[in-house]
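What follows is a short report on a single structure.
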Amino acid sequence: MRLLSALLHHAWLAITLKHHGVGMPTQPMGAIALVSLYIALLLTNINMQHTLTIESVVGILFVAQFYIFSLRNRIVGLIILIGIIANALILCAQWLTDIPQQQLFLITLLEYVMIFSAMLNVIKDLMSTNHY
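Numbers in our numbering are just positions in the sequence shown, counted from 1, shifted up by 26.
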């Protein structure tokens, strides 16, 4: 229950463009949970579009191992979290309304805005806490 509560809290901060990366998982188990949810939603979304290829699976696994085993920083965690939010919104819209993903470009635009805002917020937070 704590994982779901934390995920919803971080999702709300990302959607409102106020997330600056603090609190993203830095321990391996938290990173595995976040990446597992990302992979499950992304593969479901790709499978619904009938575009599942070996290249897409290899790319997803590369991002997953990159985050789990080496670089658990705020930016990568936020990008994965925003990917989870966007894929969940797209899947909900497709299941509830049967609108094809090509017509859900506003969710993709929202994803890009959230990533840009997250990067700016992380940079702003790092610049305000580090004294040069």
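Where is the CB? At the ideal position from N, CA and C, for every residue including glycine.
Give, in chain order, every unbroken run of the alpha helix (DSSP H) that is at least 4 residues long and sits entirely within the region 74 to 135.
Taking only runs of at least 4 residues, the alpha helix (DSSP H) segments lying wholly in the region 74 to 135 are 80 to 95, 100 to 123.
Which residue comes first and which comes last in the alpha helix (DSSP H) that contains H35?
If you number the sequence shown from 1, residue 35 lands on position 9. Run containing H35: 28 to 41, per the alpha helix (DSSP H) assignment.
Just tell me which of L29, G49, L60 has its CA closest to the CA of I94.
Against the sequence shown, residue 94 aligns to sequence position 68. Comparing Cα-Cα distances from I94 to each of L29, G49, L60, the minimum goes to L60.
With distance defined between alpha-carbon atoms, name the residue in L146, S154, T155, L39 nearest to I101.
Your numbering for residue 101 matches position 75 in the sequence shown. Checked all of L146, S154, T155, L39; the closest Cα to I101 is L146.
Cα separation between V148 and L97?
Here residue 148 refers to the residue found at position 122 when the sequence shown is read from its first residue. Here residue 97 refers to the residue found at position 71 when the sequence shown is read from its first residue. Approximately 15 Å between the Cα atoms of the pair.
Note down the Cα distance separating T70 from E81, rounded to an integer number of angstroms.
The residue given as residue 70 occupies position 44 in the sequence shown. The residue given as residue 81 occupies position 55 in the sequence shown. The straight-line gap from Cα to Cα measures roughly 16 Å.
Quick check: what's the CA-CA separation for S62 versus M55?
As a first step, residue 62 must be located in the sequence shown, where it is residue number 36. As a first step, residue 55 must be located in the sequence shown, where it is residue number 29. Distance between the alpha carbons of S62 and M55 is about 10 Å.
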